[in-house]
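Notes for the one structure printed next.
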Amino acid sequence: MSIPSLTGVLTALSGLEADQAALDTTGNNIDNATTPGYSEEVVNLNSTTPQEIAAQAYDDGDVTTQLGTGVDVASITRQRNQFLDVQYRAQNTVLGYNTQNATSLGDAQTEFGEPSSTALSGQMATFWSDWNTVANNPTSLSAQQTLVDDATTMTKTFNGLYSQLSTLQSQATSEFGALTGSGGQLLEDANQIASLNGSISQAIAAGQSPNELEDARDSALDDLSSLGQISVTNESDGTVTVNFGDASSPLVQGSAVDWPQTITSATGGQLGALLATASPTGQLSQYMSSLNTVASDLASTVNGLSTTTPFFSGNTAASLAVAVAPGSVQTSSTSAPGGNDVAQAIAALQGGTADQAYAALVTQIGSNVQAAQTSQTNSQAVVTAFQNQRESVSGVSIDQEMTNMITFQRGYQASAQALNTMEQVLGTLITEVGGAGM
Amino acid sequence: MAVERITALMTSQATTANLATDLDQLTQTESELSSGKSINQPSDNPYGASVVLSLNSQLSALSSYAGNISDGTNWLNTASGALSDIQNMVQTVRELTVEGANGTNSATSDQSAAQEVNQLIDQIKQTANTTYNGSYVFSGTATTTAPYQTGANDAYQGNSGTVTREIGPGSNVQINTNIAGILGSGSGSNDGLLLSTLRQISADLSSGTPAAQTALGTSDLSALDANLNSLEATQANVGSITNRLSIASAGIQSTQSADTTELASTQDANMAKLATTYSTESAGYQAALQAGAQIIQESLLNFLSP
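Protein chains in written order, with the working numbering: chain L, 18 to 455; chain E, 567 to 872.
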């Protein structure tokens with residue numbers, strides 16, 4: 018039987034090294050326990066190739082047996098479930114859309130400021146009640162003055178609301194521009210993914226496992242998924258190809274970024290919601306068109322009665338204005354100064370088509386905002402659930418790391434003890450045998 | 567959701583998310599408490615918001631009707647006062663006519679009675695020119711024109727237009743009285759109405775002939791009585807319209823009160839319930855904060871000896 022005398026020392030050394038690597042990884046995991054996007058790393062240990070030794074010599078030949086030579090760090094891998102990533106990102110896109118939608122619609126609702134006596138509904142009620150005062154005092158200049166003043170305030174509110182809604186649309190367009198332009202979130206994420214693609218493929222080609230780089234790339238993909246739908250394809254060289262929304266060619270391929278491209282609201286995510294907000298068929302446009310209907314109902318019903326001197330000019334929310342001066346408000350179909358049939362008929366329009374159309378608009382906005390907020394809350398809950406599932410797989414558990422640390426520490430201690438024993442054995446050999454020879 | 571491993575980050579994220587939800591609810595309750603309203607924006611309750619809008623619109627219309635009724639009542643009271651003044655003056659003329667018909671007066675006192683009747687005619691016309699809030703109440707819709715001129719011209723200057731007030735949805739009430747149908751347009755018009763009769767009495771008193779004296783007792787007196795009757799009928803009509811307005815006013819008040827109650831129940835926050843909810847949520851939030859502060863710190867680390 019012949020075994021090289023230093024084998025035991027080397028075996029003990031490999032144990033020390035493996036446990037040290039495991040301890041280092043545990044330390045790294047603990048350090049990054051709260052780092053966003055960090056995936057727990059695991060040291061995969063393999064026993065090394067055993068050494069063949071001749072155990073016994075027989076007549077018909079030597080029978081060999083194998084002696085273990087220790088342990089080797091095969092790889093350090095990250096704990097990650099790619100299917101959970103796909104689901105998380107899909108839901109994150111929905112959340113991005115719902116969040117932006119709830120914000121945009123909520124802004125529109127705030128502009129209306131209903132229900133309040135100072136908002137448009139209250140101003141319309143004042144307008145009708147002023148007509149009633151004029152009907153009671155057809156010859157009073159001050160009653161007409163009040164009517165014209167209040168009506169002017171009301172028409173200005175119509176004009177202002179319409180322009181505020183249109184401002185919200187242009188804000189959505191400029192926010193879209195900011196997110197997709199140079200220095201915007203989309204390009205930043207795409208560039209980061211492309212450059213990480215390059216580093217990762219190099220590292221893999223060199224036989225390394227670039228765990229941290231992959232974590233960083235996954236974080237960038239998560240971030241990108243809030244802007245719009247993404248579909249990620251893993252390539253054999255370790256890079257990912259990213260298709261974004263309904264853009265015709267891949268946003269990221271290898272280390273190349275292809276942007277700008279044309280996308281539509283079907284892209285979903287925050288960008289899809291912004292496009293929908295600014296769209297001429299979007300909900301804000303519907304509100305604007307409904308507001309136009311209210312204004313045109315108001316103008317046509319009032320002007321239909323005040324035929325001699327139409328009270329309003331303009332028949333859209335943006336153009337509605339009072340066309341008459343105090344004193345020339347038409348109160349009667351006859352020239353008699355005490356006639357009030359026109360003023361009475363106009364006052365009786367209260368609660369009519371214009372009021373009803375406006376109440377319907379306010380109800381529609383309220384329902385839309387409520388639905389958007391509910392969707393946002395729900396998708397937030399779903400995203401949180403997937404986040405938890407991912408965290409359950411990839412997150413660092415301090416308890417587990419502490420347990421591992423004790424295990425590896427004991428392992429290290431044991432390997433050190435083994436080394437110590439080997440040292441004593443060799444010492445004995447050298448002292449005894451060497452001493453005898455001298 | 568079955569989770570295999572729980573990590574420190576999950577606990578802290580879940581705690582943060584739950585704390586945010588708690589705080590969100592607390593803020594919502596706080597906003598309802600401070601505004602006193604359960605509907606602060608349409609999205610709080612879209613249907614409720616539409617009810618609030620329609621109730622507000624209805625309440626505004628009701629307050630307009632109430633204003634119209636009070637305005638109409640004042641107008642009618644003004645007219646009613648003027649009509650009773652005219653009635654009193656016509657009674658005075660009737661006494662003078664009866665005295666003239668008896669033939670007991672001297673010619674001089676007949677002359678002065680005729681003078682008095684002429685003055686009463688002017689006063690009656692003056693009373694018919696009564697205004698309410700700057701408008702002549704007996705001029706039809708020609709409210710800036712006095713219905714009668716003092717002096718010899720007895721012609722009615724107003725028109726036959728009607729002045730109405732809306733006292734409910736689609737319910738218009740005429741509040742002006744057709745004075746021309748009572749006073750008429752004087753002797754020239756031959757209409758047999760009050761002014762014409764009074765002019766005839768004045769003429770008969772001043773002429774003093776036996777025929778005139780007879781006429782005073784017969785045709786003049788009967789014409790005057792007929793005119794008085796129609797004056798009284800008009801008075802009664804004004805009174806009944808005033809009654810109708812006061813009934814409508816009571817109806818509007820009860821509708822207003824019902825609408826206000828409904829508005830309050832739709833829009834106003836239930837303070838007692840909110841206060842209870844608020845203190846519950848507040849206690850829950852504090853407990854969550856305290857628990858979070860303790861749970862997150864615990865790990866195996868706490869139990870390993872150094």
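Glycine residues also receive a C-beta, built at the ideal position from the N, C-alpha and C atoms.
A distance below 7 Å between beta-carbons, with the five flanking residues on each side excluded, links L:SER345 to the following residues of its chain, in chain order: THR326. From the beta-carbon of E:ASP637, the residues of chain L found nearer than 7 Å are ASN153.
As for any beta strand (DSSP E) of minimum length 3 sitting wholly inside the region 640-703 of chain E, there is none. Interface residue (Cβ-Cβ distance to chain L less than 9 Å): E:ALA694 is not classified as such.
In chain order, ASN214 and THR256 place their CB closer than 7 Å to the CB of L:GLY271, counting only its own chain and leaving out the 5 sequence neighbours on each side. Rounded to the nearest whole angstrom, the C-alpha separation of L:GLY85 and L:GLY224 is 26 Å. Between the region 403-414 of chain L and the region 55-62 of chain L, the count of Cβ pairs shorter than 8 Å is three or higher; the stretches touch. When the five nearest sequence neighbours on each side are left out, the beta carbons in the same chain lying within less than 7 Å of the beta carbon of L:GLY201 are those of ALA195, in order along the chain. L:ASP416 sits in a helix when the DSSP states are folded into three classes. If only complete runs of 3 or more residues are kept, the region 780-854 of chain E shows no beta strand (DSSP E) anywhere. Contact of L:ILE415 with chain E is assigned, a C-beta pair being separated by under 9 Å. Considering only beta carbons, the part of the region 398-413 of chain L lying closer than 8 Å to chain E consists of THR401, ALA402, GLN404, ASN405, GLN406, GLU408, SER409, VAL410, GLY412 and VAL413, in chain order. Shown here, L:VAL341 sits in coil according to DSSP, grouped into three states, outside any helix or strand. Taking 9 Å as the cut-off, the beta carbon of E:SER616 is found closer than this to the beta carbon of L:GLY383. Excluding the 5 residues flanking it on each side, L:TYR375 has same chain C-beta neighbours closer than 6 Å at VAL311, in chain order. Out of E:SER626, E:THR697 and E:PRO612, the CA that lies nearest to the CA of E:GLY647 is found in E:THR697. Beta-bridge pairing by DSSP links L:ALA273 to L:GLN270. The Cβ of L:ILE423 sits closer than 9 Å to at least one Cβ of chain E.
For the pair L:SER121 and L:ALA290, the Cα-to-Cα distance works out to about 9 Å. Counting of Cβ neighbours within 10 angstroms places L:SER22 among the exposed residues, the total staying below 16. No Cβ-Cβ contact shorter than 9 Å links L:ASP263 with L:THR294. When rounded, the separation of the alpha-carbon atoms in L:TRP145 and E:THR808 is 25 Å.
Between the region 24-37 of chain L and the region 417-431 of chain L, the count of Cβ pairs shorter than 8 Å is three or higher; the stretches touch. With its beta carbon at least 9 Å from every one in chain L, E:GLU682 lies outside the interface.
At the C-beta level, E:SER773 and E:SER762 stay beyond 9 Å of one another. A straight line joining the alpha-carbon of L:PRO277 with that of L:THR197 spans about 8 Å. Shown here, L:PHE175 sits in a helix according to DSSP, grouped into three states.
Proximity of E:SER672 to chain L, defined by a Cβ-Cβ separation below 9 Å, is not satisfied.
Counting along the chain, no alpha helix (DSSP H) covers E:GLY734; the unbroken beta strand (DSSP E) around it starts and ends at 730-734. The residue from L:VAL442, L:ALA389, L:GLN397 and L:GLN99 with its alpha-carbon nearest to that of L:ASP235 is L:GLN99.
For L:PRO132, a Cβ of chain E is located within less than 9 Å of the residue's own Cβ.
The criterion of a C-beta distance shorter than 9 Å is not satisfied by L:ARG97 and L:SER242. DSSP, read as helix, strand or coil, puts L:ASN118 in helix.
In chain order, VAL269, SER272 and VAL274 place their CB closer than 6 Å to the CB of L:ALA211, counting only its own chain and leaving out the 5 sequence neighbours on each side. Residue-level contact by beta carbon fails for L:GLY428 and chain E, as no gap is shorter than 9 Å.
When C-beta distances to chain E are compared with 8 Å, every residue of the region 159-170 of chain L stays at or above that value.
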